[in-house]
Each structure stands twice: as structure tokens, then as C-alpha cells.
Amino acid sequence: MGIIKHEIPILEFDTEKTAVINPTHDRLDLKLPSKCVFAFFGEYIDEYAKNSETRQVETFISATKQYPIYVTKYMDTDICLYRAPVGAAAAAQLLDFLIGYGVKEIISAGSCGVLEDFPESTFLVPYKALRDEGTSYHYAPPSRFIDIDEKARKAMLS
Numbered sequence: 001m002g003i004i005k006h007e008i009p010i011l012e013f014d015t016e017k018t019a020v021i022n023p024t025h026d027r028l029d030l031k032l033p034s035k036c037v038f039a040f041f042g043e044y045i046d047e048y049a050k051n052s053e054t055r056q057v058e059t060f061i062s063a064t065k066q067y068p069i070y071v072t073k074y075m076d077t078d079i080c081l082y083r084a085p086v087g088a089a090a091a092a093q094l095l096d097f098l099i100g101y102g103v104k105e106i107i108s109a110g111s112c113g114v115l116e117d118f119p120e121s122t123f124l125v126p127y128k129a130l131r132d133e134g135t136s137y138h139y140a141p142p143s144r145f146i147d148i149d150e151k152a153r154k155a156m157l158s
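The UniProt record's numbering applies: residue 1 is where the sequence shown begins, and numbers increase by one.
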């Protein structure tokens with residue numbers, strides 16, 4: 001179909017799935033597990049990898065940093081473990097790479113501040129997100145909010 005035009009360029013959406021440069025342009029001999037934990041926990045991911053039966057399978061090299069990509073096991077299932085970067089553009093670039101090399105199911109976790117009064121360590125599972133950045137507009141048609149997949153949400157809550 002191509003580009004769905006809009007008078008405000010950021011609200012345009014390109015339905016084409018093939019990019020000019022695809023995440024797998026390096027053609028690495030890499031096949032990642034289908035499941036991935038994309039965690040915003042900084043050095044804790046590297047510490048976990050060092051102290052468990054987790055192996056580094058690749059390094060993603062960006063303009064500013066090198067990001068190790070790990071594979072670990074949970075209940076006899078290989079899981080990709082990744083230390084997520086802060087910032088939508090960097091996170092999307094790295095997710096594109098992971099998906100390009102085999103990841104299909106991603107759970108992201110992190111910590112945040114809140115405006116409401118919640119006890120520390122409260123586990124929040126969103127049902128929708130306000131789209132207040134530009135990156136998501138490259139992956140889904142324009143809208144004010146994006147709904148979270150209800151099946152995935154229910155699985156997290158059970």
C-alpha cells in the first residue's frame with residue numbers, strides 16, 4: 001500500500017514491511033530464541049549473566065555503545081535476555097535487530113516513578129499507553145493511545 005499521507009508528517013504511516021536498510025543487513029549467522037526479556041535494569045542484567053548459566057551470543061554495536069545479547073534457560077526453554085537501552089529510538093533499533101534474528105515474543109520490564117501514591121515495588125501492568133513520542137508512529141498507524149494485547153496482559157496478571 002505504501003505511505004498513508006497526512007498533513008502532519010509524523011502522523012504519516014508507511015505500510016511497507018521492507019525497509020531501505022533492514023535490521024539483518026549484516027547477515028550474521030545468528031538465530032535467537034523466540035522468547036525475549038527486554039529489561040530496563042541496567043547492570044543487573046550483566047550481573048545476572050555473569051552469575052548464572054547465561055551465555056553471550058552476540059554484541060550489538062551502536063554509534064555510542066556496545067550491547068551484549070544473552071541467551072539463558074528457564075524451565076528448559078532458551079530465552080534471549082537483553083539489557084534494554086533508555087530512549088525510544090535506541091530501544092526500537094535494538095528490538096528490530098532482535099526480531100530480525102528470530103525473537104517473536106517480548107516482555108519488557110523496568111522501573112519508573114509515579115504520580116500517584118503506590119507502595120514501593122508495586123507491579124503495574126498497563127492496558128494502554130499514551131503515544132507521546134515519535135518512534136511508535138513508524139510501527140503502527142497514528143492514534144493517541146496504543147492498546148496492550150489483552151491476552152498478554154492477562155497472562156502477566158495471572
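A virtual CB, placed ideally from N, CA and C, is assigned to each residue, including glycine.
Assuming residue i contacts residue j under a Cβ cut-off of 8 angstroms, what Cβ separation, rounded to an integer in Å, is found between them?
{"i": "N22", "j": "G100", "result": "7 angstroms"}
{"i": "E53", "j": "I69", "result": "Not a contact, Cβ separation roughly 16 angstroms."}
{"i": "S108", "j": "F38", "result": "4 angstroms"}
{"i": "F41", "j": "L94", "result": "Not confirmed; about 15 angstroms, so no contact."}
{"i": "E47", "j": "A88", "result": "The pair is not a contact, with the Cβ atoms about 26 angstroms apart (cut-off 8 angstroms)."}
Name, in chain order, the residues that DSSP records as bridge partners for residue i.
{"i": "R27", "result": "According to DSSP, which records beta bridges pairwise, R27 is partnered with nothing at all."}
{"i": "Y67", "result": "F60"}
{"i": "E105", "result": "K35"}
{"i": "Y137", "result": "DSSP, once it has assigned bridges, lists no residue as partnering Y137."}
{"i": "I4", "result": "F13"}
{"i": "T72", "result": "I79"}
Select from the options the residue whose C-alpha is nearest the C-alpha of residue i.
{"i": "N127", "options": "L157, T77, A49", "result": "Residue identity differs from the one stated: residue 127 is Tyr in this sequence, not Asn. Here the closest residue by C-alpha is L157."}
{"i": "A63", "options": "R55, P85, A155", "result": "P85"}
{"i": "F13", "options": "V20, Y139, D149", "result": "Y139"}
{"i": "I146", "options": "S136, A92, A155", "result": "S136"}
{"i": "C36", "options": "E133, C80, F123, K154", "result": "C80"}
{"i": "E7", "options": "E150, E116, P142", "result": "P142"}
{"i": "T24", "options": "I3, F97, I45, D76", "result": "F97"}
{"i": "Y74", "options": "G2, A49, R144, S121", "result": "A49"}
{"i": "D29", "options": "I4, T18, I45, G102", "result": "G102"}
{"i": "P82", "options": "L124, S34, I3, I45", "result": "Reading off the sequence shown, one finds Tyr at residue 82, where the question assumed Pro. The candidate whose alpha carbon is nearest that of Y82 is I45."}
Which first and last residues belong to the alpha helix (DSSP H) in which residue i is found?
{"i": "D46", "result": "43–50"}
{"i": "residue 245", "result": "The question about residue 245 has no answer, for the chain in this structure spans 1 to 158."}
{"i": "K11", "result": "Reading the sequence as shown, one finds Leu at residue 11 and not Lys. Where L11 is concerned, there is no enclosing alpha helix (DSSP H), given that its DSSP letter is neither H nor E."}
{"i": "K17", "result": "K17 -> no alpha helix (DSSP H), and no H or E assigned at all."}
{"i": "E150", "result": "150–157"}
For residue i, report the span of its beta strand (DSSP E) as first-last.
{"i": "F145", "result": "145–147"}
{"i": "A129", "result": "128–130"}
{"i": "L81", "result": "77–83"}
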